[in-house]
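Notes follow the structure.
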Amino acid sequence: MRFMTSLAYVLLIPCFDNCLAAQGVTESSIRQDIIAHAVPLKSSGENVLVKEAEEHQYVLLGELHGETEIPQLLSDLWPRLWKANYRHIAAEVSPWAATHLERPATEDTTPVPGLWTRQQAADMHRVETSQEPVLWGCDIEEMQPGQLIRQMALLNPADAGLRNMQGIIAHGYTRKLAPELLRIAKSDHPEQDALIGGASLWESTLNTLEVESLRSDPHTRYEASNERERVMKELFLRHREHDPQGKILLRFGRNHLHRGLDARGISTLGNFVGEWALAQGQSVVNVGVFAAGGKEHLAGQTFEADERQDELAFALLASLSGSEATLYDLKQLRPTLHAIAEDKRTPLEKNLIYWADSYDYLLCYPSVSPLLDSSADPR
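Here the sequence shown stands for residues -21 to -1, 1 to 358, numbered as in mature numbering (1 follows the signal peptide of the UniProt record, and there is no 0).
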């Protein structure tokens, strides 16, 4: 009997410890824990990121859009990542766009507006000598769907369906045209196709129109997000199967690289890559980026970058960052935060748990600067 009592006591010790830990957790203690695991990006944060990259096979960078800071960070880090055997960047651009971005403007004057510029792509080639493509296009053609249609029409000048589609976009592509374009596209398969950026041009056209058609209806926005993530996952996997050597950096918007289901209820590309890598005996580290001020510029529009009002966790981390870009290690917070009983968690604690479960690190930029729009500039 004494043995059973002792055994029961031993088994209960972890439960009591967890209860006591949870009772001792306050927002003040959480704040101190966050500060203890924060480093300025420039003085030591970049070294932390490189060390993580060396330990893992995939770095997932959930970025902002249309600012100068992330391109500069990549320019700083890529030579060191190359030494750590990183060979490709899976990017939030279509295979078609990635192919054009890899070509210098002197050889290819096709404008490629979007999240990358030719100069950014060229920067990624500074450290490699083979001239093999660095960028993997892993998205629909979000910026210029009409370009895919026109190129397919050039390959198939006698195709009545493609001529009809060209006529519909003669005065420019808009999203409201997508359902009709998709209907025509699905009616027949053109005779000629081309492999561009490792993907069928016609398949890229269909995938783009499918997502755009779903986006055109407010009632199918969830389906549109889910379909787009499917395209990203399939393209990533296709690239990886074609080139299984080396490590990979993924650069996508923050919404696409969460672990688990994101706030929309979507299983993102990042969630897929994390689980897929685990099945291969590999691992990932994912870093989310947010801004506490400044402006961004994308698709001809300049907008406020301040995200402090969007997430309680962002507001807290921004208040701790001061004027320096700061890297926060959220992995260290997970045990403490999850020790808090679910019915005792404050709104801030719930939000911190969401982000700590979604990303290993959060990088806060106190202010960002808008990236010059390159939509009319092929450089």
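Glycine residues also receive a C-beta, built at the ideal position from the N, C-alpha and C atoms.
Because the structure is a prediction, the values reported are computed rather than measured.
Can you list, in chain order, the residues of its chain with a C-beta nearer than 7 Å to that of residue i? Leave out the 5 residues immediately preceding and following it.
i, result
"E202", "L193"
"G272", "A284, D285, P345, S346"
"L127", "W75, E120, L180, S183, T184, T187"
"I147", "L156, E159, L160"
"R59", "V29"
Assign residue i to buried or exposed, taking buried as 16 or more other Cβ atoms, counted over all protein chains shown, within 10 Å of its Cβ.
i, result
"D322", "exposed"
"E111", "exposed"
"G24", "buried"
"I119", "buried"
"I9", "buried"
"N26", "exposed"
"F282", "exposed"
"H218", "buried"
"L240", "exposed"
"D167", "exposed"
"D339", "buried"
"residue 362", "With the chain running from -21 to 358 in the structure shown, residue 362 is simply not present."
"E34", "exposed"
"A100", "buried"
"A320", "exposed"
Going by beta carbon distance, what residues of the same chain come within less than 6 Å of residue i, once the five residues before and after it are set aside?
i, result
"T78", "I175, G176"
"A157", "L188, E191, S192, S195"
"L229", "L39, A69"
"W115", "H67, A69, H218"
"L214", "C117"
"L350", "G45, E46, T47, H276"
"D102", "S54"
Quick one, are the C-beta atoms of residue i and residue j less than 8 Å apart?
i, j, result
"G41", "G232", "yes"
"R105", "P83", "no"
"M131", "L161", "no"
"A335", "L299", "no"
"L306", "L20", "yes"
"V268", "I49", "yes"
"T315", "E6", "no"
"S183", "W75", "yes"
"L225", "H237", "Sequence check: residue 225 is Gly here, not Leu. No, they are not a contact pair."
"W57", "V72", "no"
"G348", "E121", "According to the sequence provided, residue 348 is Ser. The question's Gly does not apply to it. Their beta carbons are not under 8 Å apart, which means S348 does not touch E121 by this criterion."
"A292", "N330", "yes"
"L342", "A297", "no"
"L53", "V266", "no"
"V263", "Y37", "yes"
"W61", "E107", "yes"
"P90", "A278", "no"
Heavy atom of the ligand FMN less than 7 Å from the Cβ of residue i, yes or no?
i, result
"R324", "This structure lacks the ligand FMN, and indeed carries no ligand of any kind."
Can you list, in chain order, the residues of its chain with a C-beta nearer than 8 Å to that of residue i? Leave out the 5 residues immediately preceding and following it.
i, result
"G140", "I163, A164, S166, D167, P169"
"E290", "F269, N330, W334"
Are the segment 203 to 211 and the segment 133 to 147 in contact at 8 Å, needing three or more beta carbon pairs? no
Mind pulling the alpha helix (DSSP H) runs of 4 or more residues that sit fully within the segment 303 to 349? 313 to 317, 326 to 337
Just to confirm the assignment: which complete beta strand (DSSP E) runs, minimum length 3, are found wholly within the segment 31 to 64? 37 to 42
Sufficient close CB pairs (3 or more, under 8 Å) joining the segment 59 to 66 to the segment 251 to 270: no
Only counting runs of 4 or more residues, tell me where the alpha helix (DSSP H) segments fall wholly within the segment 96 to 134, in order along the chain. 97 to 102, 124 to 134
What runs of the alpha helix (DSSP H), each 4 residues or longer, lie entirely inside the segment 147 to 180? List check, alpha helix (DSSP H) in window: 157 to 166.
What are the start and end residues of each continuous beta strand (DSSP E) run of 3 or more residues lying completely inside the segment 226 to 281, in chain order? 226 to 232, 263 to 270, 274 to 277
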